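Asker:
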Amino acid sequence: MNSIPYPSRLPLAQLPTPIEKISCSLLPRSGALWVKRDDLTGTLTSGNKIRKLEFLLSEARGEGCDSVLTCGGIQSNHARTCAAAAASLGMNCHLFLRGGADAPLEGNLFLDRVLGADLHFLSAEDYSRRRDQLMQEFADRLIREEHRPYIIPEGGSNSLGSFGYILAAEEIYHQVRQAALPVKGLVCAVGSGGTYTGLWLGTRLLHWDIPVWGINICDSAAYFQERILGEMERAVRRFRLPVTIRPEEIRIVDGYVFSGYSQAPAEIHLCIRRLAAETGLILEPVYTAKAFYGMVQEWEKGLFGPDPELLFLHTGGLFGLMTSHYSPFYA
Ligand SMILES: Cc1ncc(COP(=O)(O)O)c(C=O)c1O
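Mapping the sequence shown onto the working numbering, position 82 (from 1) lands on 73, and the numbers just tick up by one.
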């Protein structure tokens, strides 16, 4: 096996996270499911984003930066994780959030405030059209004030951030081999594509010929197919990764966006409640529950073959569940 050319990394996450076998009445009878508990990578740094930030913030520190700028939705898990990690490193954190300043102070947004992040609220239009420009303008201002800013893109998803899940793929590979688990496919949520990109590249760098399924929770499979392919190509070029990208092996499964990002119908909440009550595992409606629900539907339809033995990546996000937007479903 080739050794993977990892860039420098700051150990910020609690690793390795465990893999647990689960049984639940939501799952079809045939097959088996394991869950990779990346919801346990930390407390304020729980979830998938901290794995990417280990590489991104290492670069930031290496460049002598004292301030981090990033962006996301008003309840962004990435933004909260970034605020927590930056605070732990003594760096300033500026968050550019999609949504109004009058958004309820709850869930991740509440933690952003507690963690002392500087919050910039952008309209939906500014966020979609100008967020990178606005972050750059603010970074230029910080430079004039003699700070050294480091800009992290949405979701921490760029070629450097994808190493977080290249390393996670290696962690999973060794755990699966050591415990002789018959895992034959990996499944994760796709929100900005970085987690999927890293997992896929990691398995190929390890010559681990296992399908990686991503369930998009916003936009469309075609959109992510292209975005992920672009990110993979950039990572392969920038870090000279010995991988041949086969676009037909980028498996994104559409059909579980429902009415849009963060919009989840009653069946998603039912899935959360049943899984929680039967296993103690808590998903959230924006990413992990849509992906889990989608996996179960596709399992029943036969997408994964007759007796699937799958590993579902739990990417965290618990704080996003604890918001007034969703509480009526749990009243
Ligand atoms: C809890 C959670 N799961 C999954 C994802 C999706 O990961 P990615 O953005 O790398 O596709 C995100 C963020 O987007 C997230 O916050």
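Even for Gly, the Cβ is constructed at its ideal location relative to N, Cα and C.
Note that this is a predicted model, so its numbers are computed, not measured.
What is the C-beta distance between Glu45 and Pro2, in whole angstroms, given that I count them as a contact (C-beta under 8 Å)?
Answerer: Their Cβ separation, rounded to whole angstroms, is 7 Å, which keeps Glu45 and Pro2 in contact under 8 Å.
Asker: Quick one: complete beta strand (DSSP E) runs, 3+ long, within the segment 209 to 240?
Answerer: Fully enclosed beta strand (DSSP E) runs of 3 or longer: not present.
Asker: Just tell me which of Ala108, Arg132 and Leu190 has its CA closest to the CA of Ser148.
Answerer: Ranking Ala108, Arg132 and Leu190 by Cα distance to Ser148 puts Leu190 first.
Asker: Can you tell me the Cβ-Cβ gap for Tyr(-3) and Leu192, rounded? I've got them flagged as a contact below 8 Å.
Answerer: With 8 Å as the limit, Tyr(-3) and Leu192 do not qualify as a contact, their Cβ atoms being about 12 Å apart.
Asker: Do Thr194 and ligand 1 come close, with the Cβ less than 7 Å from some heavy atom?
Answerer: It does not: the Cβ of Thr194 is nowhere closer than 7 Å to a heavy atom of ligand 1.
Asker: At a threshold of 7 Å, does Val234 count as lining ligand 1 (C-beta to nearest heavy atom)?
Answerer: Val234 Cβ: outside cutoff for every heavy atom of ligand 1.
Asker: Going along the chain, which residues of its own chain have a beta-carbon closer than 7 Å to the beta-carbon of Glu289, five neighbours each way excluded?
Answerer: Cβ within range, chain order: Val244 and Phe295.
Asker: Using beta-carbon positions only, say whether Phe303 and Phe320 come within less than 8 Å of one another.
Answerer: No, the Cβ-Cβ distance between Phe303 and Phe320 is not below 8 Å.
Asker: Please state whether the Cβ-Cβ distance between Ala108 and Ala130 is less than 8 Å.
Answerer: No, they are not a contact pair.
Asker: In the DSSP output, what is Trp199 paired with across the bridge?
Answerer: DSSP, once it has assigned bridges, lists no residue as partnering Trp199.
Asker: Closer than 7 Å to a non-hydrogen atom of ligand 2 - does that hold for the CB of Asn99?
Answerer: The ligand content of the structure shown is limited to ligand 1, which means ligand 2 is not among them.
Asker: Quick check on Leu113: does DSSP put it in helix, strand or coil?
Answerer: Strand.
Asker: Just the Cα atoms here: how many angstroms apart are Asp30 and Lys281?
Answerer: Spanning the two alpha carbons is a distance of roughly 16 Å.
Asker: As an exercise, report each continuous beta strand (DSSP E) stretch of at least 3 residues that is fully enclosed by the segment 17 to 42, in chain order.
Answerer: Counting whole runs of 3 or more residues, the segment 17 to 42 contains the beta strand (DSSP E) stretches 23 to 28.
Asker: Ignoring anything shorter than 3 residues, give me the beta strand (DSSP E) runs that lie fully in the segment 80 to 147, in order along the chain.
Answerer: If we require 3 residues or more, the beta strand (DSSP E) runs fully inside the segment 80 to 147 come out as 83 to 89, 109 to 113 and 140 to 142.
Asker: Going by the C-beta, is Val181 closer than 7 Å to any heavy atom of ligand 1?
Answerer: Within the cutoff, so yes.
Asker: How close, in whole Å, do the beta carbons of Thr270 and Ile13 come, if the pair is a contact with beta carbons under 8 Å?
Answerer: The Cβ separation is near 5 Å, so the contact holds.
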